[in-house]
Structure formats: structure tokens, C-alpha cells
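Residues 17 to 305, numbered by the numbering used here, are exactly what the sequence shown covers, in order.
One structure is given below, encoded as C-alpha cells.
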Amino acid sequence: MIRTLALLVSGLTLTTCLHTEAQQEVQPIEMGTLPMEVDESSGLAAASVTSLWTLNDHGGKAEIYEIDIRGELVRTVKLIGVEPEDMEDMAQDEQGNLYLADTGNNKQKRDRLSIYKLNVADITGDSVRPEVIEFVLPDDGLNSECHYDFEAMTWSRNKLYIFSKDRCDEKDNSLMLYSLPDAAGLHTADFIGEFFWEDPDLNIKITSADIGVDGRKLALLSNDALHFFFAYKKDEFFDGAYRYFPLKKSRKEALIHMTECDLYISEESSKGKKGRLWKLNLCNINWKD
């Protein structure tokens, strides 16, 4: 597979081409099914060493859910004062803050997108009132022909990073990366870079993002693959090594590094079947070429 990389550096766009082949197909372990309250799990974050936060996407209630690592519901927390339109991914920082990306825009009807910020310590009983981070995109912004829908987000060094879900031709296989401050208010996101998969056999739509616990590895999820970027500097995620691991195709929508080795993946329900929760041991993967 060939990948083409475009990075914005000091106002200039740099493009390079690298060759990398898909690695072995990885086999996550099924940990359990998700509860009926979570029929469209679209984001994951760590709640404790044995539990996760998750949320539903488009049409879901203004709620987040704590589930254990077998998928059983632990508690439901209501979000006060917000009316999510299409929540997608989740992220978290080192101070106990959760970030909920209300950034779905698949019909291109929104002129600004939102992220809800809350601290777990502020949850009282079964509710919490989050702060609101709003943002617009530079230049053509949400009027872009292809990159106006965002399902993947992660946090690093006081910034939130959002990755577009390509809405162009099936074989376009590209994504845009933007960043914005993790503080409440209205921001114009900064364009960081663009990534291309130049392989006509692929149909890559990124649904989730997370940086590993050591801060050295970025994982992106699509319905049928994991994409890892590492050996990068600061937020130049695409300017480093890349590995692509095929997965059995399903409606995979969220991932989270729980430990250096344990990566959890959730999927939406489909055709009357409950969504499932998976675990992959990254320490068993062959990272070599």
C-alpha cells in the first residue's frame, strides 16, 4: 500500500510518498455485548481500571454510560444544559476531564460543531453540567466538499485533535486533521495536515482516535482496520512510521488504550444483534515491517 502525506509547516504544504504493506490481520478477543441502553456506542474513555465510559451517537440521549470491561452497565449519567445533535468520539486528559465530541455532520447542515467538557469529580448523583467548546473550521470550513463530518477525536498537550470522516467518493481515502484548544468558548480550529491512502482496494472511513498511555502511538479506527502512527514529534502524527492491521469488518466506532498493552474496541448494534466490546493485546503484535 502507498500512503501520501501532506503536512502544513510554516504555511507550506509538504508532500511525501511512503510504501508500507498491510500487516497480519489481528484478532481481538470478544469481552461481551453492550447493554440495550448503549445500542450505538460511538466513543470510549477509561473510567477506572475495570470500567469504561461510552456514549451513543446520532439520536442518542444527553447521557454517558459507565460499563465494565465485560460490557455490563454500571451507571448512567445525564448531561445537563446541552442538547447533543450527533455525539461521536470521546477523549480524556490527565486532570480527569472527559471530552465528548458532538461533531457528527454527515448531512452537512451544521455551521459550527461542539465538544462537551466535564470533570468526573463534578458528577453528582446521576448528572453533570458540562462546559461547551464550540468551533468552526478555517477557509471553506464545514462547506468543504468532502471533509465536514468528524467522528474521531483525541487529546494531547492541552489540545483536542479531530479527524475528518471522508464523505467523498468511496475510494478517495483521505482525512483532514485539525486542532483546537481544550478550553470552553468559540474557536477556529487550526489545520494540521492531510493524509491519503492511495490504494483502490481500500475504503477507509475513520471512526475513532486515541493516543496510547505513553503518548507515543496514535491509533485510528475504521470498520475493518486499525491504523497506527508512531515515532512522530509533537503533533506531527502523520510524519512518522505507519502500520495498518486489517480487522474483520463490522460497525466498529470507538477505541481506547486502557493500558500499554490493552486496547478496547466497541461496535454499534446491527441487524438486531447487540454491539460487542473487544480487547486487543497490542504487546502481542508484530510491529516490524
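From the three backbone atoms N, C-alpha and C, an ideal C-beta is built for every residue, glycine too.
Predicted model, so just to flag it, every value in this text is computed and none were measured.
Excluding the 5 residues preceding and the 5 following residue i in the sequence, name in chain order all residues of the same chain whose CB lies nearer than 6 Å to its CB.
i	result
ASN135	GLY112, ASN113
LEU68	LEU60, ILE83
PRO100	ALA78, ASP118
CYS184	CYS162
ASP55	SER285
GLU150	ARG128, SER130, LEU202
GLU192	Note that residue 192 is Met in the sequence shown here, rather than Glu. Correct list, in chain order: HIS163, SER180, GLU210.
LEU327	With the chain represented from 17 up to 305, any question about residue 327 goes unanswered, as that position is not in the structure.
LEU236	ILE222, ALA225, HIS243
According to DSSP, is residue i helix, strand or coil?
i	result
ALA199	coil
ASP55	coil
LEU50	coil
ASP138	helix
LEU60	strand
LEU191	strand
GLY157	helix
ASN113	strand
ASN300	helix
HIS74	coil
GLY209	strand
GLN108	strand
Should residue i go down as buried or exposed, given a rule of 16 or more other Cβ atoms within 10 Å for buried?
i	result
PRO154	exposed
ILE178	buried
ARG232	exposed
GLY291	buried
ASN159	exposed
GLY288	exposed
GLU210	buried
GLY75	exposed
ILE45	exposed
GLU110	exposed
Whose C-beta lies closer than 7 Å to the C-beta of residue i among residues of the same chain, with five residues either side of it excluded?
i	result
ARG86	MET47, GLY48
ALA62	LEU68, GLN108, ILE272, MET274
LEU89	PRO51, GLU53, TYR81, ILE83
Less than 8 Å between C-beta atoms, sequence neighbours within five positions excluded: which residues of the same chain meet that for residue i?
i	result
VAL148	VAL98, SER130, ILE131, TYR132, LYS133, ALA200
Q) Is there contact between the stretch 246-253 and the stretch 266-274, where contact requires at least three CB pairs shorter than 8 Å? A) no
**Q.** the stretch 170-178 in contact with the stretch 120-128 per 3-pair CB rule at 8 Å
**A.** no
(Q) Check whether the stretch 194-205 and the stretch 239-248 touch, using three or more Cβ-Cβ pairs below 8 Å as the test. (A) no
Q: Could you name each continuous beta strand (DSSP E) segment of 3 residues or more that falls completely within the stretch 218-271, going from the start of the chain to the end?
A: 224-227, 233-238, 241-246, 257-262
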